[in-house]
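Participant: Before I ask anything, let me first share the structure, which is written out below as C-alpha cells.
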Amino acid sequence: MVLWKIWSLRNDKLWNGSCSTSYQGVITATSFLQEWACRVVHSPLAKVRECRAWHRPTHGFPKVNIDAAFFEETSSMGFGMVIRDECGNFVAARSSIMDGCKDVIVGEIMGFLESHSWVKSLQL
C-alpha cells in the first residue's frame, strides 16, 4: 500500500504538478491499509495500530523511526528504519531481514540495536 501511494504521489506530481507531502502519503496509505484490513476478517493486519502523528526532534538532531515485523512460520523478522531531519525531510532509510529470531521482543530490540549501529556508521 505504501509503495503504491508513493508511486501514485510521484505520478501526480509528474503529470499534474501536485505537491503532496510524504507525511500525507503515509497517512493516506495507512488509512487505505486499515480500511482493507477491516474487511479481511482473519487477517493479522486487522489489528493494524492506529497511526500516531510524527513529532519533530530537537533542532539540529535527526530522528530515526524503526518498525519490526515478526514472521512466526519462518522464525524470522524484518525491520525498517527511516531517518528524517527536524523538518521531516528524508535523510536515509534502510531495511533488513534477520533469520532465526523466535521472539517479538528480541526482534524489536535487534532492530533497535541495528539502527543504532547504522546511525553511528553514518556519523549523524
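Going left to right, the sequence shown walks through residues 1258 to 1381 as the working numbering numbers them. C-beta: ideal position from N, C-alpha, C; glycine also. From a predicted model like this one, the values you see are computed outputs, not experimental measurements.
Under the assumption that residue 1311 contacts residue 1338 (Cβ atoms under 8 Å), give the Cβ distance between them as a whole number of angstroms.
Facilitator: Rounded, the Cβ-Cβ distance is 14 Å, inconsistent with contact.
Participant: From the DSSP secondary-structure annotation, give me the bridge partner or partners of residue 1337.
Facilitator: Beta-bridge pairing links residue 1337 to 1324, 1352.
Participant: Three or more beta-carbon pairs under 8 Å between the region 1361-1372 and the region 1342-1349, yes or no?
Facilitator: The answer is no - the region 1342-1349 does not touch the region 1361-1372, with fewer than three Cβ pairs under 8 Å.
Participant: Could you give the C-beta distance for residue 1354 and residue 1332, rounded to a whole number, given that I count them as a contact under 8 Å?
Facilitator: Incorrect: roughly 12 Å between the Cβ atoms, too far for contact.
Participant: So, at 8 Å on beta carbons, what are the nonlocal neighbours of residue 1317 in its own chain, with the 5 sequence-adjacent residues on each side left out?
Facilitator: Within the same chain, residue 1317 has close Cβ partners 1343.
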